[in-house]
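Below: the structure, in structure tokens.
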Amino acid sequence: MLAQRAAQQSLRRLAASQPSMLSQMVFRNTMAPLAVSSSVLARRPTSTSTIQTQKLTPADSYEILVAQRKNRPNSPHLQIYKWQITAVMSIMNRFTGSVLSAGFYVFGLSYLVSPLLGWSLDSASMAAAFAAWPVALKVLAKFAVAMPFTFHSFNGVRHLVWDMGKQFTNQQVIRTGLFTTGIATVSALALALFV
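Reminder that position 95 of the sequence shown reads as 478 in the working numbering, one-by-one numbering, no gaps.
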């Protein structure tokens, strides 16, 4: 252990004094097989630089860290990112899952508190209220409920196919993404128009 530390310190000194000489050497993972000629070790550095340190408070060091982070390059942002069907399908799967779960929770909670607030959310009153709507509004409301359900369902089947290790090349992922979107839209329209 002590020999390794001594070798590391001498290598650091060598790297600081003559970086071009060190870059010509090839090292493996350990420092043990290093063989340095005596002429290299006998050389004196031509230029020296002193390292100055200063004590900083935690607040000052944090300010330096923040300033350094501002100089870092930014990762690609959505404004310059080329949209791909894989990203859109992932976003839509999460969004439709959230819409479905939020809808179930909101309706379930409102059904539970409806007797306390004097609302009538039984099936007969809801069917009567829905029957009074215009036809276009009925179709739009049914499509708004059916589309997240069908999309999330068909995309879930797509993910199950992926879990079996099938349809996982780039072209297959694009093809199944377009197919899932198409079949979900057609089935949601069929549910909205004919059910």
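Ideal Cβ placement from N, Cα and C applies to all residues, glycine included.
In this structure, F526 places its C-beta atom within 8 Å of the C-beta atom of A575. Inclusion of V556 and T479 in the CB contact set at 8 Å is not warranted, their separation being larger than that value.
In this structure, F513 lies near K521, with their beta-carbon atoms less than 8 Å apart. Taking the C-beta atoms as reference points, N476 is found no nearer than 8 Å to N553. Less than 8 Å divides the Cβ of A567 from the Cβ of M530. Only exposed fits L561, as fewer than 16 other CB atoms lie within 10 angstroms of its CB.
In the three-state DSSP reduction, W502 falls in the coil class, being neither helix nor strand. L397 and V449 have their C-alpha atoms roughly 33 Å apart.
Residue environment: A571 is assigned as buried (16 or more neighbouring CB atoms within 10 Å of its CB, all protein chains considered). In chain order, Q550 place their CB closer than 6 Å to the CB of V544, counting only its own chain and leaving out the 5 sequence neighbours on each side. Within a 10 Å sphere around the beta-carbon of T559 sit 16 or more other beta-carbons, which makes this residue buried. Annotated as distal: T564 and R541, with beta-carbon spacing of 8 Å or more. In the structure shown, K521 falls within a helical segment according to DSSP collapsed to helix, strand and coil. Under the DSSP assignment, A398 falls in the alpha helix (DSSP H) whose first and last residues are 385-400.
The straight-line gap separating the alpha-carbon atoms of P498 and Q462 is approximately 48 Å. Taken atom to atom, the span from the alpha-carbon of S493 to that of R455 is near 49 Å. In this structure, DSSP gives Q462 a state outside helix and strand, which the three-state scheme calls coil. Proximity to K438 across S536, I447, S432 peaks at I447, based on C-alpha coordinates.
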